[in-house]
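*Asks:*
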Amino acid sequence: MIAPSKHAYAYYPGCSLTSTNKAYDISARNVARVLGIEMVELEDWNCCGATAYMAIREQRSFVLSARNLALAEKEKLDLVTVCAGCYLSLHKTNKYFAQNVQMRRRLQRALKAGGEEYNGTLQVRHFLDVVVKDLGEEEIKQHVVRPFEDLKVVPYYGCQITRPFGEIDDTDFPQGMSRLLSWIGAEPLDFPLTTKCCGGMLMITQPETGIQLVGNILSQAKKLGAQCISTACPLCQINLEAYQARASRRTGKDCRIPVLYFTQLLGLSLGLDPKKLALGDCLTPTAGVLAARSA
Amino acid sequence: MEAVAGEKLKEIFLSNIYAIPDGERIKECQQCGTCSSSCPTAEWMDYSPREIIAALRAGLLERVLGSNTVWLCSSCYSCTVRCPAGIKFTDVMYELKRLGNKYGYVDRKTTTAQLARAFVKTVDRSGINAEGELLARYYLATNPLRVFTQLWLGLRMLLKGRIPLFPHRVRGRKSLQKMTAEAKREV
């Protein structure tokens, strides 16, 4: 697809990035600005039809995603998102649209009823993949002005970035975020639970299960000597940061550890002011991470 | 609503499963258990993922829909990427969720189903999900007293400005509603 600048995308924030996870939105936009990635917010985007919608209405969930694809196609730009759940819904819909004739026809009819159309010309990307692959080591390192020193980080992707398709990285043990963390001076640790499920919405509906899953991740990260967790999914972020006291009680292990979005860590290394990364939104203490930057 | 059961339910289930891309692969299950050993929530399930397929083969669809297994699936897709027979088990679980919800196998105690229903209502109204509205609907549909377990977190989030008091709505929601109505008409 022909784009006006080298790295230009239609940007899809997703619902949670307008509220509970606005720090992810703010940090991603500011990081993109410094890195010269043009992100044009998709005009009047709607819910992607995520996991919970899919559990009740299949076709309508695909339609929700398809409207966003139609809006982005009008901008003649590929669609980039930072939310793992939105990434999967939009990507899955786009893939099925391309592969399954019946579904394509059904989606086109539905879009037409609302005065839109989609021809399947765009790609859906995750922002992490854009940063790691489209920019890459050299370009990132050029922009790093305050690299981290002695900061051990576990990368945590959650489920829905690499699975089920495994197109952007390995389904179980992806490497992209570790590479990025090493480019910004941090020390990425091998983390066996890097794509293990945090429980997602089970934290609300089946808390005994959710707390245990989160406790496993947090205590394992702590045991490895990590000083912070780097996340790439808004739901994982809130599950990992908001229930640490309960997780410690449940597992009998220390589960207190700072949890930041990878965009916040990246932004700090780029010299961005913590305010521009909404670091104040974190529910875990971030002073240790800030202190680990070189002067 | 009167629950649909027996042969009629089985017929609907199979036709829906086979309509999913690669859905017919469910017939290839070798009962190896890779799905169950990959599943992060299997230890809380009445029946593990492998047992779900065994139960479906044994004609126990109603028991499957009434089990907690279906709604403990967090759709992490670990089983899907590891299944040696290429069964997209996460998509099978989604279909079982929809079937159970539609044909009367969900009640107040099926909390995850209630959250999903609340999510659909919230999104259908505004075009986007507003977390405050979602949780209000959810706790009203299940156990309103449980809202107190989230009070402290809610307060901290509010103080950090992480809960907007006036969430926005999609301007084009009329057009969006026409689209979803069209999709509803067809299925």
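Protein sequences appear in the order of chains A and B. Per the numbering used here, the first sequence starts with residue 967, numbered consecutively. Per the numbering used here, the second sequence starts with residue 1404, numbered consecutively. Don't be surprised by glycine CBs; every beta carbon is placed ideally from N, CA and C. Only a predicted model underlies this, so the values are computations on that prediction, with no experimental measurement involved.
According to the Cβ coordinates, are B/N1419 and B/E1498 closer than 8 Å?
*Replies:* Indexing the second sequence from 1 puts residue 1419 of chain B at position 16. Indexing the second sequence from 1 puts residue 1498 of chain B at position 95. A contact, by the Cβ cut-off of 8 Å.
*Asks:* For the alpha helix (DSSP H) containing B/R1362, list its first residue and its last residue.
*Replies:* Any question about residue 1362 of chain B goes unanswered here, given that chain B covers just 1404 to 1590.
*Asks:* For the alpha helix (DSSP H) that contains B/L1417, what are its first and last residues?
*Replies:* As a first step, residue 1417 of chain B must be located in the second sequence, where it is residue number 14. Counting along the chain, the alpha helix (DSSP H) containing B/L1417 begins and ends at G1409 to A1422.
*Asks:* Quick one: which unbroken beta strand (DSSP E) runs of 3-plus residues sit fully inside the stretch 991 to 1072 of chain A? Chain order, please.
*Replies:* Correct list: 1004 to 1007 and 1045 to 1047.
*Asks:* Restricting to runs no shorter than 3 residues, where is the beta strand (DSSP E) found entirely within the stretch 1216 to 1241 of chain A?
*Replies:* 1225 to 1227
*Asks:* For A/F953, which of helix, strand or coil comes out of DSSP?
*Replies:* An answer regarding residue 953 of chain A cannot be provided, because it is not within the stretch 967 to 1261 covered by chain A.
*Asks:* Would you say B/C1479 reaches chain A, if we count a Cβ-Cβ gap shorter than 8 Å as a contact?
*Replies:* By 1-based counting over the second sequence, the position of residue 1479 of chain B is 76. Chain A contact via Cβ: present.
*Asks:* Apart from the five residues just before and just after A/A1038, which ones in its own chain have a Cβ nearer than 7 Å to its Cβ?
*Replies:* Residue numbering aside, residue 1038 of chain A sits at position 72 when the first sequence is read from its first letter. Correct list, in chain order: A976, L1008, L1045 and L1088.
*Asks:* Apart from the five residues on each side of it in sequence, which residues of its chain come closer than 6 Å, Cβ to Cβ, to A/Y1062?
*Replies:* Numbered from its first residue, the first sequence carries residue 1062 of chain A at position 96. Result list for A/Y1062: M1069, in chain order.
*Asks:* Skipping 5 residues on each side, what residues in its chain have a beta carbon closer than 7 Å to that of B/R1549?
*Replies:* As a working note, residue 1549 of chain B is residue 146 in the second sequence. Excluding sequence neighbours, B/R1549 sits near Y1542.
*Asks:* Following the continuous alpha helix (DSSP H) through B/F1542, name the residue where it begins and the one where it ends.
*Replies:* Here residue 1542 of chain B refers to the residue found at position 139 when the second sequence is read from its first residue. The question names Phe, yet the displayed sequence has Tyr at residue 1542 of chain B. Per DSSP, B/Y1542 belongs to the alpha helix (DSSP H) from E1534 to A1544.
*Asks:* Interface residues of chain A around B/L1556 at Cβ under 7 Å?
*Replies:* The sequence position of residue 1556 of chain B within the second sequence is 153, counting from 1. By Cβ distance, chain A contributes A1208.
*Asks:* Taking just the CA atoms, how far does A/V1000 sit from A/H1109?
*Replies:* Residue mapping note: residue 1109 of chain A aligns to position 143 of the first sequence, counting from 1. Residue mapping note: residue 1000 of chain A aligns to position 34 of the first sequence, counting from 1. Spanning the two alpha carbons is a distance of roughly 8 Å.
*Asks:* Just to confirm before moving on: does the CB-CB distance between A/K1219 and A/S1185 stay below 8 Å?
*Replies:* Here the question's residue 1219 of chain A lines up with position 253 in the first sequence. Here the question's residue 1185 of chain A lines up with position 219 in the first sequence. A/S1185 sits close to A/K1219, with the two beta carbons spaced by under 8 Å.
*Asks:* Would you say A/T1128 and A/P1140 are within 8 Å of each other, going by their C-beta atoms?
*Replies:* By 1-based counting over the first sequence, the position of residue 1128 of chain A is 162. By 1-based counting over the first sequence, the position of residue 1140 of chain A is 174. Against a cut-off of 8 Å, the Cβ pair of A/P1140 and A/T1128 comes out as a contact.
*Asks:* Could you check what DSSP says for A/A1267 in three-state terms: helix, strand or coil?
*Replies:* The structure shown does not extend to residue 1267 of chain A, since chain A spans only 967 to 1261, so no value can be given for it.
*Asks:* Strictly under 8 Å for the Cβ-Cβ distance: is B/F1522 near chain A by that measure?
*Replies:* The residue given as residue 1522 of chain B occupies position 119 in the second sequence. Answer yes: the Cβ-Cβ gap between B/F1522 and chain A drops below 8 Å somewhere.
*Asks:* Any residues in the stretch 1073 to 1085 of chain A with a beta carbon nearer than 9 Å to a beta carbon of chain B? Which ones, in chain order?
*Replies:* L1073, R1075, A1076, L1077, K1078, A1079, G1080, G1081 and E1082
*Asks:* I need the DSSP call for A/V1098, collapsed to helix, strand or coil.
*Replies:* Walking along the first sequence from the start, residue 1098 of chain A turns up at place 132. Looking at A/V1098 - three-state DSSP - the assignment turns out to be helix.
*Asks:* Considering only the alpha carbon of each residue, which of B/G1409, B/K1563 and B/Y1421 lies closest to B/L1463?
*Replies:* As a working mapping, residue 1463 of chain B is identified with position 60 in the second sequence. Measuring from the Cα of B/L1463, the nearest candidate turns out to be B/G1409.
*Asks:* Spatial neighbours of A/S993 within its chain, please: CB distance less than 7 Å, with the 5 preceding and 5 following residues excluded, ordered by chain position.
*Replies:* Taking the first sequence and counting its residues from 1, one reaches residue 993 of chain A at position 27. If we look at A/S993 and ignore the five residues flanking it on each side, its Cβ neighbours are Y1227, T1229, Q1230, G1233, L1243 and A1244.
*Asks:* Spell out whether any CB of chain B is found under 8 Å from the CB atom of A/K1040.
*Replies:* Counting from 1 along the first sequence, the entry for residue 1040 of chain A is found at position 74. Taking Cβ atoms only, chain B never reaches closer than 8 Å to A/K1040, which makes this a no.
*Asks:* Residues bridged to A/V1120 by DSSP?
*Replies:* Within the first sequence, numbered from 1, the residue matching residue 1120 of chain A stands at position 154. Note: A/V1120 sits in a beta bridge opposite A/I1195.
*Asks:* Just to confirm the assignment, what range does the beta strand (DSSP E) spanning A/A976 have?
*Replies:* By 1-based counting over the first sequence, the position of residue 976 of chain A is 10. In the DSSP assignment, A/A976 falls within the unbroken beta strand (DSSP E) covering A974 to Y978.
*Asks:* Rounding to the nearest angstrom, what Cα-Cα distance links B/K1577 and B/T1583 in this structure?
*Replies:* As a first step, residue 1577 of chain B must be located in the second sequence, where it is residue number 174. As a first step, residue 1583 of chain B must be located in the second sequence, where it is residue number 180. Using only the alpha carbons, I get a separation of about 10 Å.
*Asks:* Drop a sphere of 10 angstroms on the beta-carbon of A/V1111, count the other beta-carbons inside from all chains shown, and report buried for 16 or more, exposed for fewer.
*Replies:* By 1-based counting over the first sequence, the position of residue 1111 of chain A is 145. A residue is called buried once 16 or more other Cβ atoms fall within 10 Å of its Cβ, and A/V1111, having fewer, is exposed.
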